[in-house]
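Protein sequences, first through last, are from chains A and B.
Here the first sequence is numbered in the working numbering, starting from 1276 and rising by one per residue.
Here the second sequence is numbered in the working numbering, starting from 223 and rising by one per residue.
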Amino acid sequence: GQQVMQIPQYQHVQEGEDFTTYCNSSTTLSNIQWYKQRPGGHPVFLIQLVKSGEVKKQKRLTFQFGEAKKNSSLHITATQTTDVGTYFCAVLRGGSEKLVFGKGTKLTVNP
Amino acid sequence: DGGITQSPKYLFRKEGQNVTLSCEQNLNHDAMYWYRQDPGQGLRLIYYSQIVNDFQKGDIAEGYSVSREKKESFPLTVTSAQKNPTAFYLCASVRRGSYEQYFGPGTRLTVT
């Protein structure tokens, strides 16, 4: 079935450094979503990408969808301690309403 | 305020007991989902429901049961048949025409 590989599994940065997490699929995706889960919290929707090559920005966060719609990335510029958490990508399973989540990238930020 | 509530936040049970986790939403969303999250893992789908009185199994439905008698409510029962029930359980809902999932705060279930 549909799977997505998310890398890296963990990332530790100094405050102010940049951070990127990647999500890869072996099949073409119809869309991709990104969620953030703070420690002890629940996932919160960040964004959905639909178009090939799409780039969207939310303040210091930049989301990209690959030209072939098989990969995506989330980049955070100049991380802050408030960015701490686990970032998940999620994709629709082909022909269904079900989401498949990547295993997430856990980001820790050293102040 | 619209949202999803799950109760309780923490739940402790003895092995062999069934336990029901509550999920209520007042967002008027049609679809509701139950996920399980284990440490260092993504979310795995247990059951989902697109409409009242209908639900489908997800990837790990064995040992779980659900009901959807009302649009607002989608309770999950963890039965004694579930071999490793200790986990963080998340409920989510989705508005018709969207794929964005709204999550509740979750219930941490510990079975000893």
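Even glycine gets a Cβ: it sits at the ideal position worked out from N, Cα and C.
Item: Using a Cβ-Cβ distance under 8 Å, would L1367(A) count as near chain B?; Value: yes
Item: So G1360(A) is in the beta strand (DSSP E); what residue range does that whole segment cover?; Value: 1360-1367
Item: Starting from the beta carbon of N1306(A), find every residue of chain B whose beta carbon is closer than 9 Å, and list them in chain order.; Value: Y321
Item: Taking the alpha-carbon of V300(B) as reference, which of Q228(B), K293(B), Y311(B), R290(B) has the nearest alpha-carbon?; Value: Y311(B)
Item: Answer yes if the stretch 229-236 of chain B comes into contact with the stretch 281-288 of chain B, meaning at least three C-beta pairs across the two stretches below 8 Å, and no otherwise.; Value: no
Item: For a contact defined as C-beta to C-beta under 9 Å, what are the partners of G280(B) on chain A?; Value: K1373
Item: How many Å lie between I268(B) and P307(B) at the Cα?; Value: 12 Å
Item: Closer than 9 Å by beta-carbon distance: list the chain A residues that pair up with L233(B), in chain order.; Value: Near L233(B) there are no residues of chain A at all, since even the closest Cβ is about 16 Å away, more than 9 Å.
Item: Between P1314(A) and chain B, is there a C-beta pair that is closer than 8 Å?; Value: no
Item: Which residues bound the beta strand (DSSP E) around H251(B)?; Value: From DSSP, H251(B) is part of no beta strand (DSSP E); its letter is neither H nor E.
Item: Across which residues does DSSP place S271(B) in a beta bridge pair?; Value: M254(B)
Item: Which class does T1352(A) belong to by DSSP, given the choice of helix, strand or coil?; Value: coil
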